[in-house]
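Quick notes on the structure that follows.
Number of protein chains: 2
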Amino acid sequence: MDLKEHDLDQLCINTIRMLSADAVQKANSGHPGTPMGLAPLGYLLWTQFLKHNPNNPHWPDRDRFVLSAGHASMLLYSLLYLTGYDLSLEEIKRFRQWESKTPGHPEQGHVPSGVETTTGPLGQGFANGVGMAIAERFLAAHFNRPGHSIVDHHTYVIASDGDMMEGIASEAASLAGHLQLEKLICFYDANQITIEGSTDLAFREDVKKRFEAYGWNVIGPLPDGNNLAAMSKAIQAAQAETERPSLIIVRTHIGYGSPNRQDSAQAHGEPLGEEEVRLTKEHLGWPTEPDFYVPEPALAHYRKTAGRGERLEAEWQRRFDAYAAADPDLAKEWQRMVKGERPEGWDSEIKKYQPKGATATRRAFGEVLNLTAPRLSNLIGGSADLAPSNDTTQKGLGDFLAGHYEGRTLHFGVREHAMGGALNGMALHGGVIPYGGTFLIFSDYMKASIRLAALMELPVIYIFTHDSIGLGEDGPTHQPIEQLAGLRAIPNLTVIRPADATETATAWRLAVARRKGPVALILTRQKIPLIDRSRSAPADQLEKGAYVLSETEGRAAEMILIATGSEVHLAVEAAQALEKEGAAVRVVSMPSWELFERQPVSYRTAVLPPEVTARISIEAASTFGWERYVGGSGAMIGLNRFGASAPGEVVMRELGFTVENVLAHARPLLNAPSGAGAGRRKGS
Amino acid sequence: MDLKEHDLDQLCINTIRMLSADAVQKANSGHPGTPMGLAPLGYLLWTQFLKHNPNNPHWPDRDRFVLSAGHASMLLYSLLYLTGYDLSLEEIKRFRQWESKTPGHPEQGHVPSGVETTTGPLGQGFANGVGMAIAERFLAAHFNRPGHSIVDHHTYVIASDGDMMEGIASEAASLAGHLQLEKLICFYDANQITIEGSTDLAFREDVKKRFEAYGWNVIGPLPDGNNLAAMSKAIQAAQAETERPSLIIVRTHIGYGSPNRQDSAQAHGEPLGEEEVRLTKEHLGWPTEPDFYVPEPALAHYRKTAGRGERLEAEWQRRFDAYAAADPDLAKEWQRMVKGERPEGWDSEIKKYQPKGATATRRAFGEVLNLTAPRLSNLIGGSADLAPSNDTTQKGLGDFLAGHYEGRTLHFGVREHAMGGALNGMALHGGVIPYGGTFLIFSDYMKASIRLAALMELPVIYIFTHDSIGLGEDGPTHQPIEQLAGLRAIPNLTVIRPADATETATAWRLAVARRKGPVALILTRQKIPLIDRSRSAPADQLEKGAYVLSETEGRAAEMILIATGSEVHLAVEAAQALEKEGAAVRVVSMPSWELFERQPVSYRTAVLPPEVTARISIEAASTFGWERYVGGSGAMIGLNRFGASAPGEVVMRELGFTVENVLAHARPLLNAPSGAGAGRRKGS
């Protein structure tokens, strides 16, 4: 080979650069520049500092690595392959191709292992890192004992200029500084280039000063992202920090080594081009052929990482064995939590839960939360500054605050988006059961994080209260309308809107038990009646998503009233009135479309028999999507407008959520010839 | 009266405090504490500094006032009433009641005048203020001439601790600092209390330092929010600043004057209670009866504001008259823009637009944008750092940057949410036509702002490109699935997904012409064929939301294929294949559900005749909601899963967007007995 003499470091670094350039070129799609600029840092971190074992990517005490700049995926794939994870060079050659293990952006759970989180939407990875660092501190506080440190790892994040601009990262950084998460180390890859050009076009703030304002330990800017010694020293300083998260600012050069693309916006998101790849190889003293060339000495050097990882894990295992010998019960609990299992009998108190009467479902939630909290010692969550309203506090179990990491209730501040990202990070870290609350309307602020939880199928629980115009006086800015439809449209997310305290208890049990995919509980602010279960189906039927709550005795239903949440009691009352008028009416409580859709067809048609076309949906929200269950001959009572400020019961009444209005919709349908309903829609 | 002697200032200030406490108490709902803490600042600003005329709230050169802390609405309502806006004391007594002019949070357009923007969701008002300041600088640069300054006003924002925590405010602050919006003056009401308690629980950053890092002029913290002299001095210093936006930090006391609630979280969101209201009145030397007491001297003093405003506007009018005399054409243009009118013939070039062939609709958009830009001199917008991808640049018309405020293209940076909030502020300010672009997937990041644009019915235009899995390699993190459904569910938002370049041109024309309510254009990344208009309906039919694009000649349709955007050509091809098999097929292009819903029933049933129940919807997105048009006997070809990373055409093919798959769905429907279709749903 005509490879010039390089020192080994440089050889290893350029291997990443050229794998990245080649992969993007072959795919004719992708982001070559950032991996090329970050190659020295990636090499240094993964071979010298990151505590990981490529042979066991699931080692619980490994350091977490988050590539928040997910577009630089080839950096991560290069490192995974080179250090010996289960990712072949063949897969790198299939970058961005159908069913390859190397998708355009890193996908957790898609690559078999080694990708800690799915990134790409900027800022999310940063917030995930904060969540991981929270989980680490929590578990360390719960499980470490004097002389026994079994949870003790760092979370490393690589963030880009774009990450730094996103609000979610600002929120998460403020939270991390507040919580003094000293095991969090973030690299800010300051390459000064964004898609539109120089960062001077849109971003001239002093990031160092900003992070100091958040209470971070800021190191740098290091002027040269190729200076391994300086970066080593910075990482050591960050590791030695004991009170603050660290930000290491590194000035890198996007497309480093490309004679005509380095430091250009083109290097961000376009292949270099065949000719420029060749020129880059020449410039870096790299053989121009073959593509995807990996020098043996480089690979051999990288692969030593596995040996280092094995040793590190073995050391940890010895520590853990000593810990297990000293406290076998605690060790078992730890193992159970790491596996994501729930303890025996964790829900026994819920099963005994006897609500006393009319109550807001948020209050019922607060009660069942606190019935289960003592038995779920890794349940950790809170609210984005709405705890008294969301009822998300685990009473008597402490606040999670700097220096009080054993506390169970988090105070996220008015930072919904960071909460969403941090919850994802906590779930990804494992060992904890995370939940977070805000008003349903503010789920809008964290939508991008909810989507990523759904994409990764993370067991995150959302507590969204104040779920309709029924919240009243706060008015249309706070009254959700389209949020239910929006959440229901997200694949893999289970939305549950319970109809009373008993359904709420079942919903919470189901949410905690569920270990795959996020669950959103949609809860009322206002008191709603307790369904009389002596006269109707039991609340555990909620598990099926929809069920027949009541029907006219001894007669086949002529009409079905389908309702969710606070509107179910309205359906029950309307059905009673219609029965008095001689009609046979079925009431279906439908707390969760997603759970219902997972039932067999036989069950679904039993609940909603196709021959009964006189159907009315009742939900104080947009009717968007309800045609699915109502069909072309039914009616929908909902809200295709924004709400209004007034006491909740007034708004409900004025906007049509009354028995009278249900009757007004029902009577024409009952009188219409079968199957020839008006298909009317309430657009009140 | 047993009112103790007060100086007039104190009397005026306490009037706000007690009106607020009384109104919240009477409503038994609301936020008394913040208005009580902010009363001195509100009084000072509105009577001494704010350039406004209560008798003409629409005076174009007025200062803008934004209460970002919207929960403190009683501060604003008190000031509106006291200074003589069209808001009576009776309305204040009806605070938070049905159809009152004093809803829970300030609603722009609801109160007749004086409420510049709808606030409540935190951080939004702050970003609105940044947008208003952008519009002011833009119009000043365009219209002011040496010796003639007709656009010269400040934007004042009052922000809370919660605003400071929200990511959107961080983004907007960074942008404002970058743009050096020196006419923006923000007060940070540091009352150190949030809903969960002391800000120490979640928020201990150094806000002063953070804003300095953004490039702001930070004044304070002023230790005493009751010290009028100190606040006056601070405002004067901020007004004198010529290079940076200003943040004035004021330490206030929530619930000031309430002996038992001051400085408590309870004072934030609960009525004080009758007894505590009484104690507060006593403590402040206020008569305990009657409620809603307004001392004559205070009212008289406040009402002088109108006289001051009249003088200020008259001065401005003289300047404007001189300006109009010197340059009548420019004056006329300015008047036209302030009215929101479009110039004669602005769209003449679009009408002539002849696309050359297959093109991405984002590229077609870029072309029509640049055809219209020269004739729309107040069209201003840009992208959240995706301009080359969104094609949002107005070529040759300059960048809007610090010191270059005449530029037409904004660089929002990777700050989607701030972009959304700023666009709202620009539209609210008036005089400009604002638009903003990002990938459709990142509409999630700005959802809360889009909703507020819809709630306020603002003429904001969104350019959302990369609208489906057709974007290809970037993979599921970037491929929208549920975004279309989510946007369609928002009341008042018009979503348009054009099928080719010709529909795109019509869509842009419609978006610019529309002056009420936001419009979202949903555009492809990938090239799509040009519809052969010689063989089908003209593209201006897009205005009706859906139209018959083609059908089997001379025969009544047996089947309707309904498609949007990039899937329309698939429907056309499938229809041709089905015709060859002997079927009579209609193709409906349905770019906009909302526009279609606004058509008369006669038109809608003409396009989608009820008797044709064999219908298939084709859209590369969630099928959520499509039952509305497909009915119970049709089929939906869509995506109820996340996408995948691979070249766009591969992903499209693998996930079912092929002629073959449409045929596979169509044939059983054509063969089924009429009205007894399978009701199948494609969950590919």
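Read top to bottom, the protein sequences are chains A and B. Here the UniProt record's numbering is used: the first residue of the first sequence is 1, the next is one more, and so on. Here the UniProt record's numbering is used: the first residue of the second sequence is 1, the next is one more, and so on. Cβ atoms here follow ideal geometry from the backbone N, Cα and C, with glycine treated the same way. Values in this document were obtained by computation on a predicted structure and should not be read as measured data.
query: For Asn-217/B, which beta-bridge partners are listed by DSSP?; result: Ser-246/B
query: Quick one: grab the DSSP three-state call for Gln-180/B.; result: coil
query: Output needed for Leu-79/B: all residues of its chain with C-beta closer than 6 Å, excluding positions within five of it in sequence on either side, in chain order.; result: Gly-42 and Trp-46
query: Below 8 Å between beta carbons: does that hold for Thr-83/B and Ala-298/B?; result: no
query: Mapping the DSSP letters down to three states, classify Pro-600/B as helix, strand or coil.; result: coil
query: What does Ile-481/B reach in chain A if we use C-beta pairs closer than 7 Å?; result: Pro-491
query: In whole angstroms, what is the alpha-carbon distance linking Glu-503/B and Phe-657/A?; result: 40 Å
query: Measure the CB-CB distance between Arg-204/A and Gly-215/B and report whether it falls below 8 Å.; result: yes
query: Which residue marks the beginning of the alpha helix (DSSP H) containing Arg-445/A, and which one marks its end?; result: The sequence given here places Tyr at residue 445/A; Arg does not occur at that position. Careful: Tyr-445/A lies outside any alpha helix (DSSP H) and carries neither H nor E.
query: At least one CB of chain A closer than 8 Å to the CB of Val-277/B: is that the case?; result: no
query: Quick one: list the residues of chain A neighbouring Arg-641/B, beta-carbon separation under 7 Å, in chain order.; result: Pro-491
query: Would you tell me roughly how many angstroms separate the C-alpha atoms of Asp-347/B and Leu-523/B, rounded to the nearest one?; result: 20 Å
query: Tell me which residues of the region 414-425 of chain A have at least one Cβ-Cβ distance to chain B shorter than 9 Å, keeping chain order.; result: Val-414, Arg-415, Glu-416, His-417 and Ala-418
query: Along the region 644-663 of chain A, where does the CB come closer than 8 Å to a CB of chain B? Name the residues.; result: Ala-644, Ser-645, Ala-646, Pro-647, Val-650, Val-651 and Glu-654
query: May I ask you to verify whether the region 605-618 of chain B touches the region 470-490 of chain A, counting CB pairs closer than 8 Å and requiring at least 3?; result: no
query: Please report how far the alpha carbon of Thr-119/A lies from the alpha carbon of Ile-254/A, in whole angstroms.; result: 19 Å
query: Is there contact between the region 375-388 of chain B and the region 428-446 of chain B, where contact requires at least three CB pairs shorter than 8 Å?; result: yes
query: With a CB to CB cut of under 6 Å and the five nearest residues on each side skipped, what residues in its chain are close to Glu-619/B?; result: Thr-564, Glu-567 and Gly-638
query: Anything in chain A within Cβ reach of Glu-171/B, meaning under 9 Å, just list it in chain order.; result: Met-165, Glu-166, Gly-167 and Ser-170
query: Counting C-beta neighbours from all protein chains within 10 Å, is the total for Lys-356/B 16 or more, i.e. buried, or is it exposed?; result: exposed
query: Let me know the alpha helix (DSSP H) ranges lying completely inside the region 572-644 of chain A, each 4 residues or longer, listed in chain order.; result: 593-597, 601-607 and 627-630
query: On the three-state DSSP scale, how would you describe Asp-189/B?; result: strand
query: Span of the alpha helix (DSSP H) holding Phe-365/B?; result: 361-372
query: Extract the residue ranges of the alpha helix (DSSP H) inside the region 389-474 of chain B, only unbroken runs of 4 or more that lie entirely within it.; result: 416-429 and 447-456
query: For a contact meaning CB atoms closer than 9 Å, what does Thr-34/A contact in chain B?; result: Chain B residues near Thr-34/A: none, gap ~14 Å exceeds 9 Å.
query: For Gly-554/A, does the count of other Cβ atoms within 10 angstroms reach 16, so buried, or fall short, so exposed?; result: exposed
query: Within 10 angstroms of its Cβ, does Ala-556/A collect 16 or more other Cβ (buried), or is it exposed?; result: exposed
query: At a cut of 8 Å, does the region 459-468 of chain B reach the region 507-522 of chain B through at least three beta carbon pairs?; result: yes
query: Drop a sphere of 10 angstroms on the beta-carbon of Met-1/B, count the other beta-carbons inside from all chains shown, and report buried for 16 or more, exposed for fewer.; result: Residue placement at Met-1/B cannot be trusted, given a pLDDT of 39 that sits under 50; the coordinates are not used to answer.
query: Given that Arg-251/A touches chain B, what residues does it touch there, using C-beta distances under 9 Å?; result: Per Cβ cutoff of 9 Å: no residues; Arg-251/A is ~18 Å from chain B at best.
query: Is it true that the CB of Arg-509/B sits closer than 8 Å to the CB of Ile-350/B?; result: yes
query: Taking 8 Å as the cut-off, decide whether the C-beta atoms of Ala-265/A and Pro-221/A are in contact.; result: no
query: Quick check: is the beta carbon of Ile-433/A nearer than 8 Å to any beta carbon in chain B?; result: no
query: Nearest CA to the CA of Glu-344/B: which residue from Arg-375/B, Asp-321/B, Arg-311/B and Glu-315/B?; result: Arg-375/B
query: Is it the case that the Cβ atoms of Cys-186/A and Ala-213/A are separated by a distance below 8 Å?; result: no
query: Quick one: what does DSSP say Val-294/B is sitting in, helix, strand or coil?; result: coil
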